[in-house]
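Numbering (the numbering used here), first residue to last: 18 to 304.
Pasting the structure below:
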(Lines of atoms letter the chains of each structure in order from A; the text may use other names.)
(Lines give C-alpha, C1' and ligand atoms only; values in the text may rest on other atoms or scores of the structure.)
Protein backbone atom coordinates (compact mmCIF):
# COMPACT_ATOMS: atom_id res chain seq x y z
CA UNK A 18 0.00 0.00 0.00
CA UNK A 19 1.49 3.33 -1.06
CA UNK A 20 0.18 6.79 -0.17
CA UNK A 21 1.91 9.93 -1.37
CA UNK A 22 2.29 12.49 -4.13
CA UNK A 23 5.82 13.95 -4.06
CA UNK A 24 8.93 12.41 -5.63
CA UNK A 25 11.83 12.46 -3.18
CA UNK A 26 10.19 12.42 0.28
CA UNK A 27 7.05 10.46 1.19
CA UNK A 28 5.78 11.71 4.55
CA UNK A 29 2.29 10.22 4.65
CA UNK A 30 3.11 6.64 3.58
CA UNK A 31 2.50 4.80 6.86
CA UNK A 32 0.87 1.40 6.34
CA UNK A 33 3.96 -0.64 5.38
CA UNK A 34 7.13 -0.56 7.48
CA UNK A 35 10.36 0.84 6.00
CA UNK A 36 13.29 -1.43 5.15
CA UNK A 37 16.31 0.75 5.97
CA UNK A 38 18.78 -2.03 5.12
CA UNK A 39 17.77 -2.37 1.48
CA UNK A 40 17.34 1.35 0.84
CA UNK A 41 18.67 4.32 2.83
CA UNK A 42 16.11 6.67 1.24
CA UNK A 43 13.14 4.80 2.75
CA UNK A 44 11.60 3.77 -0.58
CA UNK A 45 11.80 0.03 0.11
CA UNK A 46 9.00 -1.38 2.29
CA UNK A 47 8.28 -4.59 4.19
CA UNK A 48 5.12 -6.64 3.75
CA UNK A 49 2.21 -5.97 6.12
CA UNK A 50 -0.55 -8.44 7.10
CA UNK A 51 -3.89 -6.64 6.89
CA UNK A 52 -7.62 -6.74 6.38
CA UNK A 53 -8.50 -4.15 3.72
CA UNK A 54 -12.04 -2.96 2.96
CA UNK A 55 -12.79 -0.58 0.05
CA UNK A 56 -16.17 1.13 -0.46
CA UNK A 57 -16.68 3.30 -3.60
CA UNK A 58 -18.27 6.70 -2.99
CA UNK A 59 -19.05 8.33 -6.34
CA UNK A 60 -15.66 9.09 -7.91
CA UNK A 61 -14.00 8.63 -4.54
CA UNK A 62 -13.15 5.72 -2.28
CA UNK A 63 -13.37 5.03 1.45
CA UNK A 64 -10.84 2.48 2.67
CA UNK A 65 -10.45 0.83 6.07
CA UNK A 66 -7.31 -1.04 7.15
CA UNK A 67 -7.06 -3.42 10.09
CA UNK A 68 -3.41 -4.28 10.82
CA UNK A 69 -3.06 -7.24 13.24
CA UNK A 70 0.72 -7.68 13.23
CA UNK A 71 3.40 -4.99 13.53
CA UNK A 72 6.75 -5.32 11.77
CA UNK A 73 9.80 -3.62 13.27
CA UNK A 74 11.94 -1.37 11.11
CA UNK A 75 15.20 -2.85 9.85
CA UNK A 76 18.44 -0.90 10.35
CA UNK A 77 22.00 -1.40 9.06
CA UNK A 78 24.13 -3.45 11.46
CA UNK A 79 27.69 -3.04 12.68
CA UNK A 80 29.18 -4.46 9.46
CA UNK A 81 26.79 -2.71 7.07
CA UNK A 82 27.41 0.50 5.18
CA UNK A 83 25.35 3.65 5.67
CA UNK A 84 24.99 2.73 9.35
CA UNK A 85 24.34 5.14 12.20
CA UNK A 86 26.72 5.97 15.03
CA UNK A 87 26.08 4.56 17.62
CA UNK A 88 24.59 1.46 16.01
CA UNK A 89 20.81 1.02 16.23
CA UNK A 90 20.10 -2.24 18.10
CA UNK A 91 17.12 -3.32 15.99
CA UNK A 92 16.92 -6.68 17.80
CA UNK A 93 16.26 -4.97 21.18
CA UNK A 94 13.07 -2.97 20.53
CA UNK A 95 11.00 -1.24 23.20
CA UNK A 96 7.20 -0.93 23.03
CA UNK A 97 4.77 1.43 24.71
CA UNK A 98 1.96 -1.12 24.30
CA UNK A 99 2.02 -4.30 26.41
CA UNK A 100 0.76 -6.13 23.31
CA UNK A 101 4.01 -5.23 21.52
CA UNK A 102 3.89 -6.61 17.94
CA UNK A 103 0.36 -7.96 18.45
CA UNK A 104 -1.19 -4.51 18.95
CA UNK A 105 -4.12 -4.03 16.57
CA UNK A 106 -3.58 -0.92 14.40
CA UNK A 107 -6.29 0.80 12.36
CA UNK A 108 -6.48 3.36 9.56
CA UNK A 109 -9.34 5.00 7.64
CA UNK A 110 -8.74 6.84 4.35
CA UNK A 111 -10.89 8.82 1.92
CA UNK A 112 -9.60 9.63 -1.58
CA UNK A 113 -11.33 11.52 -4.38
CA UNK A 114 -10.89 13.72 -7.45
CA UNK A 115 -12.09 17.33 -7.51
CA UNK A 116 -11.58 19.09 -10.83
CA UNK A 117 -7.92 18.65 -11.78
CA UNK A 118 -6.88 17.64 -8.26
CA UNK A 119 -6.54 14.19 -6.69
CA UNK A 120 -6.36 14.00 -2.91
CA UNK A 121 -6.31 11.51 -0.07
CA UNK A 122 -7.10 12.18 3.60
CA UNK A 123 -6.56 9.59 6.34
CA UNK A 124 -6.22 8.97 10.06
CA UNK A 125 -4.04 6.24 11.55
CA UNK A 126 -4.13 4.89 15.12
CA UNK A 127 -1.56 2.38 16.31
CA UNK A 128 2.14 1.60 16.61
CA UNK A 129 4.41 4.22 15.05
CA UNK A 130 6.46 3.02 12.08
CA UNK A 131 9.09 5.63 13.04
CA UNK A 132 10.64 4.66 16.40
CA UNK A 133 12.17 7.08 18.85
CA UNK A 134 15.86 6.27 19.37
CA UNK A 135 16.91 5.99 23.03
CA UNK A 136 20.50 5.73 24.22
CA UNK A 137 21.30 2.32 25.72
CA UNK A 138 24.20 -0.04 26.30
CA UNK A 139 27.12 1.25 28.37
CA UNK A 140 29.84 3.88 28.11
CA UNK A 141 32.18 1.53 26.22
CA UNK A 142 29.53 0.10 23.88
CA UNK A 143 26.68 2.58 23.47
CA UNK A 144 23.75 1.66 21.22
CA UNK A 145 20.49 3.26 20.16
CA UNK A 146 17.33 1.38 21.13
CA UNK A 147 14.25 1.76 18.87
CA UNK A 148 11.20 2.67 20.96
CA UNK A 149 7.81 2.17 19.29
CA UNK A 150 5.08 4.41 20.71
CA UNK A 151 1.32 4.44 20.21
CA UNK A 152 0.41 7.36 17.96
CA UNK A 153 -2.41 9.08 16.16
CA UNK A 154 -1.55 10.51 12.74
CA UNK A 155 -3.65 12.51 10.30
CA UNK A 156 -2.26 12.87 6.79
CA UNK A 157 -3.13 14.55 3.50
CA UNK A 158 -1.69 14.10 0.00
CA UNK A 159 -2.69 16.27 -2.99
CA UNK A 160 -1.72 16.31 -6.66
CA UNK A 161 -3.07 18.83 -9.19
CA UNK A 162 -2.55 19.17 -12.95
CA UNK A 163 -2.31 22.69 -14.43
CA UNK A 164 -1.24 22.50 -18.07
CA UNK A 165 2.37 21.29 -18.18
CA UNK A 166 2.65 21.82 -14.42
CA UNK A 167 2.09 19.12 -11.82
CA UNK A 168 1.67 20.53 -8.29
CA UNK A 169 2.16 18.14 -5.37
CA UNK A 170 1.96 18.22 -1.60
CA UNK A 171 1.87 16.06 1.51
CA UNK A 172 1.27 17.00 5.15
CA UNK A 173 0.81 15.21 8.47
CA UNK A 174 0.15 15.88 12.13
CA UNK A 175 1.18 13.25 14.68
CA UNK A 176 0.42 12.88 18.38
CA UNK A 177 1.74 10.38 20.91
CA UNK A 178 5.50 10.51 20.45
CA UNK A 179 7.94 12.55 22.54
CA UNK A 180 5.98 15.62 21.46
CA UNK A 181 3.26 16.35 18.92
CA UNK A 182 4.59 17.61 15.60
CA UNK A 183 3.71 18.57 12.05
CA UNK A 184 5.58 17.96 8.81
CA UNK A 185 4.95 18.90 5.20
CA UNK A 186 6.47 18.68 1.74
CA UNK A 187 5.32 20.62 -1.31
CA UNK A 188 6.64 20.91 -4.82
CA UNK A 189 6.14 20.95 -8.56
CA UNK A 190 7.13 19.17 -11.74
CA UNK A 191 7.21 21.01 -15.06
CA UNK A 192 7.47 18.75 -18.10
CA UNK A 193 8.85 19.52 -21.56
CA UNK A 194 7.16 17.02 -23.88
CA UNK A 195 8.81 15.62 -27.02
CA UNK A 196 12.17 17.36 -26.49
CA UNK A 197 14.28 17.88 -29.62
CA UNK A 198 11.42 16.49 -31.72
CA UNK A 199 11.82 13.09 -30.09
CA UNK A 200 9.39 11.00 -28.08
CA UNK A 201 11.27 11.78 -24.84
CA UNK A 202 9.90 13.93 -22.01
CA UNK A 203 12.05 15.97 -19.62
CA UNK A 204 10.68 17.17 -16.29
CA UNK A 205 12.13 19.70 -13.84
CA UNK A 206 11.30 18.95 -10.19
CA UNK A 207 11.44 21.23 -7.16
CA UNK A 208 10.40 20.34 -3.59
CA UNK A 209 10.68 21.75 -0.08
CA UNK A 210 10.29 19.60 3.04
CA UNK A 211 9.85 20.78 6.64
CA UNK A 212 9.62 18.77 9.87
CA UNK A 213 9.21 20.80 13.06
CA UNK A 214 11.07 18.17 15.12
CA UNK A 215 14.23 19.58 13.51
CA UNK A 216 17.28 17.46 14.46
CA UNK A 217 15.13 15.10 16.58
CA UNK A 218 13.56 13.73 13.41
CA UNK A 219 14.58 10.21 12.35
CA UNK A 220 14.60 11.38 8.73
CA UNK A 221 17.46 13.44 7.30
CA UNK A 222 14.94 15.77 5.64
CA UNK A 223 13.70 18.35 8.14
CA UNK A 224 14.34 21.71 6.43
CA UNK A 225 15.56 21.01 2.92
CA UNK A 226 15.21 22.12 -0.68
CA UNK A 227 15.35 19.43 -3.37
CA UNK A 228 15.96 20.10 -7.05
CA UNK A 229 15.99 17.40 -9.68
CA UNK A 230 14.85 16.11 -13.03
CA UNK A 231 13.07 13.18 -14.63
CA UNK A 232 13.93 11.92 -18.11
CA UNK A 233 11.52 9.46 -19.71
CA UNK A 234 12.55 8.25 -23.17
CA UNK A 235 9.11 6.68 -23.72
CA UNK A 236 10.78 3.89 -25.67
CA UNK A 237 9.88 0.21 -25.83
CA UNK A 238 12.38 -0.49 -23.03
CA UNK A 239 10.70 1.97 -20.63
CA UNK A 240 13.96 3.85 -20.00
CA UNK A 241 13.60 6.41 -17.20
CA UNK A 242 16.02 8.41 -15.01
CA UNK A 243 15.16 10.34 -11.83
CA UNK A 244 17.88 12.36 -10.08
CA UNK A 245 18.08 15.18 -7.56
CA UNK A 246 20.21 17.18 -5.15
CA UNK A 247 19.01 17.71 -1.57
CA UNK A 248 20.35 20.78 0.28
CA UNK A 249 19.70 21.63 3.92
CA UNK A 250 18.47 25.22 4.28
CA UNK A 251 20.35 25.95 7.53
CA UNK A 252 23.34 23.58 7.38
CA UNK A 253 25.94 22.73 4.76
CA UNK A 254 24.64 19.17 4.35
CA UNK A 255 24.10 18.27 0.71
CA UNK A 256 23.51 14.94 -1.04
CA UNK A 257 22.85 13.61 -4.53
CA UNK A 258 20.57 10.70 -5.39
CA UNK A 259 19.64 9.02 -8.65
CA UNK A 260 17.75 6.00 -9.90
CA UNK A 261 17.28 4.58 -13.38
CA UNK A 262 15.29 1.74 -14.95
CA UNK A 263 15.42 -0.02 -18.30
CA UNK A 264 13.87 -3.25 -19.57
CA UNK A 265 15.67 -5.76 -21.78
CA UNK A 266 13.27 -7.95 -23.68
CA UNK A 267 10.18 -9.36 -21.97
CA UNK A 268 11.81 -10.81 -18.86
CA UNK A 269 14.78 -8.66 -17.78
CA UNK A 270 14.86 -5.27 -16.06
CA UNK A 271 17.93 -3.30 -14.95
CA UNK A 272 17.60 -0.99 -11.92
CA UNK A 273 20.32 1.44 -10.79
CA UNK A 274 20.40 3.42 -7.53
CA UNK A 275 23.04 5.88 -6.33
CA UNK A 276 23.45 8.06 -3.24
CA UNK A 277 26.42 10.38 -2.62
CA UNK A 278 26.83 12.59 0.44
CA UNK A 279 28.50 15.70 -0.99
CA UNK A 280 28.84 17.54 2.33
CA UNK A 281 27.83 16.92 5.95
CA UNK A 282 27.61 19.52 8.71
CA UNK A 283 29.27 18.60 12.01
CA UNK A 284 25.98 18.92 13.90
CA UNK A 285 24.01 16.84 11.37
CA UNK A 286 22.94 13.25 12.09
CA UNK A 287 24.34 12.13 8.71
CA UNK A 288 27.93 13.08 9.66
CA UNK A 289 28.94 9.41 10.30
CA UNK A 290 28.12 8.74 6.63
CA UNK A 291 30.45 11.47 5.35
CA UNK A 292 32.92 8.97 3.87
CA UNK A 293 30.24 6.60 2.56
CA UNK A 294 28.54 6.41 -0.81
CA UNK A 295 25.98 3.95 -2.08
CA UNK A 296 25.71 2.45 -5.56
CA UNK A 297 23.60 -0.58 -6.44
CA UNK A 298 22.92 -2.30 -9.74
CA UNK A 299 20.10 -4.83 -9.79
CA UNK A 300 19.09 -7.16 -12.61
CA UNK A 301 15.57 -8.52 -12.22
CA UNK A 302 14.08 -11.48 -14.08
CA UNK A 303 10.31 -11.69 -14.49
CA UNK A 304 8.50 -14.95 -15.22
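C-beta atoms are modelled at their ideal positions from N, C-alpha and C, and glycine is treated no differently.
Values in this document were obtained by computation on a predicted structure and should not be read as measured data.
Inset, instruction - Please look up how many angstroms separate the CB atoms of residue 258 and residue 85, rounded, as I've assumed it's under 8 Å. - result: So it is not a contact: roughly 18 Å between Cβ atoms.
Inset, instruction - Only counting runs of 3 or more residues, tell me where the beta strand (DSSP E) segments fall wholly within the region 68-144, in order along the chain. - result: 106-115, 118-128 and 133-138
Legend entry - Cβ shell of residue 207 (< 6 Å), same chain only, five flanking positions each side left out: Excluding positions up to five away in sequence, the list reads 188, 189 and 228.
Legend entry - 9 Å Cβ cutoff met for residue 277 and residue 231: Cβ atoms of residue 277 and residue 231: not closer than 9 Å.
Legend entry - Rounded straight-line distance, which links the Cα of residue 161 to that of residue 167: 6 Å
Inset, instruction - Measuring alpha carbon to alpha carbon, tell me which of 89, 299 and 22 ends up nearest residue 37. - result: 89
Legend entry - Check whether residue 264 and residue 271 have beta carbons under 9 Å apart: yes
Legend entry - Whole-number beta carbon distance between residue 143 and residue 74, since they are thought to touch under 8 Å: In fact, because the Cβ distance is near 20 Å, the residues do not count as touching under 8 Å.
Inset, instruction - Note down the Cα distance separating residue 169 from residue 22, rounded to an integer number of angstroms. - result: 6 Å
Inset, instruction - Determine, using beta-carbon pairs with one atom in the region 42-60 and one in the region 147-163, whether at least three such pairs fall under 8 Å. - result: no
Legend entry - Neighbourhood of residue 210 by C-beta, 6 Å cutoff - its chain only, sequence neighbours within 5 removed: 26, 186, 222 and 225
Inset, instruction - Can you tell me which of 302, 236, 242 and 212 puts its alpha carbon nearest to the alpha carbon of residue 24? - result: Comparing Cα positions, the closest option is 242.
Inset, instruction - Grab me the residues of residue 39's own chain with a C-beta within less than 6 Å of its C-beta, minus the 5 sequence neighbours each way, in chain order. - result: Within the same chain, residue 39 has close Cβ partners 45.
Inset, instruction - Provide the residue(s) that pair with residue 192 in DSSP beta bridges, ordered along the chain. - result: 204
Inset, instruction - Tell me residue 59's beta-bridge partners as DSSP assigns them. - result: In DSSP, residue 59 forms no bridge with anything.
Legend entry - First and last residue of the uninterrupted beta strand (DSSP E) at residue 161: 151-163
Inset, instruction - Could you have a look at residue 198 and say whether DSSP puts it in helix, strand or coil? - result: It is helical.
Inset, instruction - Please name the residue, chosen from 50, 93 and 78, that lies closest to residue 136 on a Cα-to-Cα basis. - result: 93
Legend entry - Proximity below 9 Å, CB of residue 64 to CB of residue 110: yes
Inset, instruction - Would you grab the beta carbon distance between residue 128 and residue 71 for me? Rounded to a whole angstrom, and I think it's under 8 Å. - result: 5 Å
Legend entry - Buried or exposed (CB count within 10 angstroms, at least 16 for buried), residue 106: buried
Inset, instruction - Determine the direct distance from the alpha carbon of residue 281 to that of residue 251, and round the result to whole angstroms. - result: Spanning the two alpha carbons is a distance of roughly 12 Å.
Legend entry - Sequence-distant residues of its chain with Cβ nearer than 6 Å to residue 150 (five each side left out): 97, 129, 177 and 178
Inset, instruction - Could you tell me which of 292, 279 and 195 sits nearest to residue 165, measuring between CA atoms? - result: 195
Inset, instruction - Using three-state DSSP, classify residue 238 as helix, strand or coil. - result: In the three-state scheme derived from DSSP, where H, G and I count as helix and E and B as strand, residue 238 is classed as coil.
Legend entry - Any non-hydrogen atom of the ligand GTP closer than 8 Å to residue 88 Cβ: Although the ligand GTP was asked about, the structure shown includes no ligands whatsoever.
Inset, instruction - State the Cα-Cα distance for the pair residue 173 and residue 102, rounded to the nearest angstrom. - result: 24 Å
Inset, instruction - Would you mind sorting residue 297 into buried or exposed? The rule is 16 or more other CB atoms within 10 Å of its CB. - result: exposed
Inset, instruction - Quick one: using the 10 Å Cβ neighbour count with 16 as the cut-off for buried, is residue 52 buried or exposed? - result: The residue in question, residue 52, is exposed, as its Cβ has fewer than 16 Cβ neighbours within 10 Å.
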